[in-house]
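**Student:**
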């Protein structure tokens, strides 16, 4: 049997807008992936610790508040520092066009804005998952 | 509404019309969908007639504006007299930047202020707290002390203009900043007017900026009710909010049922404390969303007024002021698209029109760029102008409740009221509002509705212009708001200086007194005000309450 893709859906920082994260979590689960949802108010350390504990293939970050340039980057750098090079990092939220390429450079491979169909995210994960 | 004989006649003609005209027509010209549904998945018929409203007693169920059950509006002349307040929710970066934005909005015809705070402020953390990282000024303005509040309202006539503040967990403290600022400016606190959101139930249900567990949170809220009617009589001490419940994904019916249900819950808690309902109920206010389904929204506002009036009467309210529901409306942020952002202006116009036709007291119109970033000056000006066009040009304000008596609207208003009571029964069976929150009932209902809605968009059962139909590949080309990069540093330096320069003894004394009062059962507002006046920061004051009350953690349900 093929191993299921394991995804951590995480809400870093104080932002309480969890509609998007919950919808994506459900859609990934319905697409056959194993999903762990962190709940709210996670520090970068907490997210990465959970990613290690749960041995996930993908970390999905969600933020509406606009703090992505700090908080997404914190998580991505810590993942790198811990040597989790085979973990795919993606993110979504209210993210202006000009920030997207900067996030790519930090290792956040997929960045998804408002109106993205869940189907696109599922496809992106399946095509880019590293292990 | 109609005599039996006439009704029989209508029924007969309608049945003939369906058989001999409608059905043959549809056979030849099929309808675009098998089933037409609104945003609460209620099926909508092709036509409504007197038959659908035959059970309604005009005097008892609909009545006149300004009279019980207030279905048609809370004032006899509604917008023919005073227009609703043009109140744009606004705040970003530092207090200095937001102060400039307020002046800009007032200069362009805004008639009330509404403060958006950043996340650290919403959680009762100072800007320099570790948890505040990355969030300074992002979702609103950062206010860590009375000093920041002084800057925020500098040169703004707070003795004349009213201010609404979207603050919940630390509402009592931030309200304290506002009151203290007025007092320091020599303004009598009995004349200042405004609103604190202060609605913790919907935080647990949807918005998620809670700090303390339910019991002490409810205690703090009742403290503000009591202090409010005694000391700050023109202040709305709560804005019971459906807005965030809706934004989190609920249907219109859920928004209505959960919000008015929360309202009743607050009244019960205050009465349990021994407050008299007619003392505090006149200062309770509401806040609703205005989403895409035009008539459903209008019916929702009308139903809300009637449900509230009936509910408060049942709880023993006698004064007319206690029974009438005053509410603010904001157009649906979640309906805005990042794709082709200019078309959001049209969405906002329709949503704002529904709010006005539904009899709102105050309105925020979203800016077209809000699915991309916080609004630019130009975008927010267009949003404000949208309200001014509705008010001055459309003619919809000339008569009160112009859609009252519409067979469809009255049928839908009744249906939404009925479904509200069905939800209340389900909550009651779970043991009431707080047990239902603890069991994740509301959270699950909302998540289910949000997921269903998203799936329908992806399956194209629902069309979102620019997203799943009528798409364009052109890049988005509108200016994005830029914030002052030095704002955070300036704020942190200001905080450090404040902590160094303030009267240390006074600070320590007031903080200590607050701790003791929190451990006892006293009303905390006077103690909080003392802390504020001694320039204790938001984070320091909130930490005392965190120590005594503990913090709430929610179950992570998806």
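Residue numbers (this note's numbering), protein chains in the order written: chain A, 1 to 131; chain B, 1001 to 1558. Heads up, the beta-carbon is just placed ideally off N, CA and C, and yes, glycines get one too.
#1: Mind checking whether residue 34 of chain A and residue 77 of chain A have CB atoms under 8 Å apart?
#2: What residue range does the beta strand (DSSP E) around residue 125 of chain A cover?
#3: What does DSSP give as the partner residue(s) for residue 10 of chain A in the beta ladder?
#4: When burial is assigned at 16 or more other CB atoms within 10 Å of the CB, is residue 1026 of chain B buried or exposed?
#5: Around the Cβ of residue 1259 of chain B, are there at least 16 other Cβ atoms within 10 angstroms (buried) or fewer (exposed)?
#6: Is the beta carbon of residue 1332 of chain B within less than 7 Å of some heavy atom of the ligand ZN?
#7: What is the DSSP secondary structure of residue 1064 of chain B, reduced to helix, strand or coil?
#8: Which word fits residue 112 of chain A, buried or exposed, when buried means at least 16 other C-beta atoms lie within 10 angstroms of its C-beta?
#9: What are the start and end residues of the beta strand (DSSP E) that includes residue 1119 of chain B?
#10: Let me know the secondary structure DSSP gives residue 1362 of chain B once reduced to three states.
#11: Assuming residue 1285 of chain B is part of the alpha helix (DSSP H), what are its boundary residues?
#12: Provide the residue(s) that pair with residue 111 of chain A in DSSP beta bridges, ordered along the chain.
#13: Assuming residue 1288 of chain B contacts residue 1350 of chain B (C-beta within less than 8 Å), just tell me the rounded distance between them.
#14: Counting along the chain, where does the beta strand (DSSP E) carrying residue 136 of chain A start and finish?
#15: So, does the region 1010 to 1018 of chain B touch the region 1037 to 1054 of chain B, judging by three or more C-beta pairs under 8 Å?
#16: Is residue 1368 of chain B helix, strand or coil by DSSP?
#17: Could you list the residues in the region 1133 to 1149 of chain B with a C-beta less than 7 Å from some C-beta on chain A, going in chain order?
#18: Using a beta-carbon distance cut-off of less than 7 Å, what residues from the region 1286 to 1308 of chain B approach chain A?
#19: Drop a sphere of 10 angstroms on the beta-carbon of residue 1157 of chain B, count the other beta-carbons inside from all chains shown, and report buried for 16 or more, exposed for fewer.
#20: Compute the Euclidean distance between the alpha carbons of residue 1357 of chain B and residue 44 of chain A, then round it to the nearest angstrom.
#21: Against residue 944 of chain B, what residues of chain A qualify as contacts under a CB-to-CB distance less than 7 Å, listed in chain order?
#22: Whose CA, out of B/1262, B/1536, B/1239, B/1008, lies closest to the CA of residue 1435 of chain B?
#23: Given a threshold of 16 other Cβ atoms within 10 Å of its Cβ, counted over all protein chains shown, does residue 1036 of chain B qualify as buried or as exposed?
#24: Is residue 37 of chain A helix, strand or coil by DSSP?
#25: When Cβ atoms are compared, which residues of the region 1449 to 1470 of chain B fall closer than 7 Å to chain A?
#26: Please report the straight-line C-alpha distance between residue 1245 of chain B and residue 1252 of chain B, rounded to a whole angstrom.
#27: Quick check: is the beta carbon of residue 22 of chain A nearer than 8 Å to any beta carbon in chain B?
#28: So is residue 1185 of chain B buried or exposed if we call it buried at 16+ other beta carbons inside 10 Å?
#29: Answer yes or no: do residue 1076 of chain B and residue 1401 of chain B have a C-beta to C-beta separation smaller than 8 Å?
#30: Quick one: list the residues of chain A neighbouring residue 1120 of chain B, beta-carbon separation under 9 Å, in chain order.
#31: Is residue 1394 of chain B close to chain A? Criterion is C-beta to C-beta, closer than 8 Å.
#32: Considering only DSSP beta bridges, list what residue 1165 of chain B is partnered with.
#33: Does the CB of residue 1476 of chain B have a neighbour CB from chain A at under 8 Å?
#34: Any residues in the region 1367 to 1388 of chain B with a beta carbon nearer than 9 Å to a beta carbon of chain A? Which ones, in chain order?
#35: Using 8 Å as the Cβ pair cut-off and three pairs as the minimum, do the region 8 to 26 of chain A and the region 1440 to 1458 of chain B touch?
#36: Measuring CA to CA, which of B/1148, B/1332, B/1033, B/1548 is closest to residue 1118 of chain B?
**Tutor:** Taking the geometry as given:
#1: no
#2: From DSSP, residue 125 of chain A is part of no beta strand (DSSP E) but of the alpha helix (DSSP H) over 118 to 128.
#3: A/61
#4: exposed
#5: buried
#6: Of the ligands one can find in the structure shown there are none, so the ligand ZN has no counterpart to examine.
#7: coil
#8: buried
#9: Run containing residue 1119 of chain B: none in the beta strand (DSSP E); it sits in the alpha helix (DSSP H), 1119 to 1122.
#10: strand
#11: It is not in any alpha helix (DSSP H) - residue 1285 of chain B instead sits in the beta strand (DSSP E) that spans 1284 to 1290.
#12: A/91
#13: No, residue 1288 of chain B and residue 1350 of chain B are not in contact; Cβ-Cβ is about 16 Å, not under 8 Å.
#14: The question about residue 136 of chain A has no answer, for chain A in this structure spans 1 to 131.
#15: yes
#16: coil
#17: 1133, 1134, 1135, 1138, 1139
#18: none
#19: exposed
#20: 47 Å
#21: In the structure as shown, chain B starts at 1001 and stops at 1558, and residue 944 of chain B therefore has no counterpart that could be examined.
#22: B/1262
#23: exposed
#24: strand
#25: 1450, 1451, 1454, 1458, 1467
#26: 9 Å
#27: yes
#28: exposed
#29: no
#30: 14
#31: no
#32: B/1115, B/1196
#33: yes
#34: 1370, 1371, 1372, 1373, 1374
#35: yes
#36: B/1148
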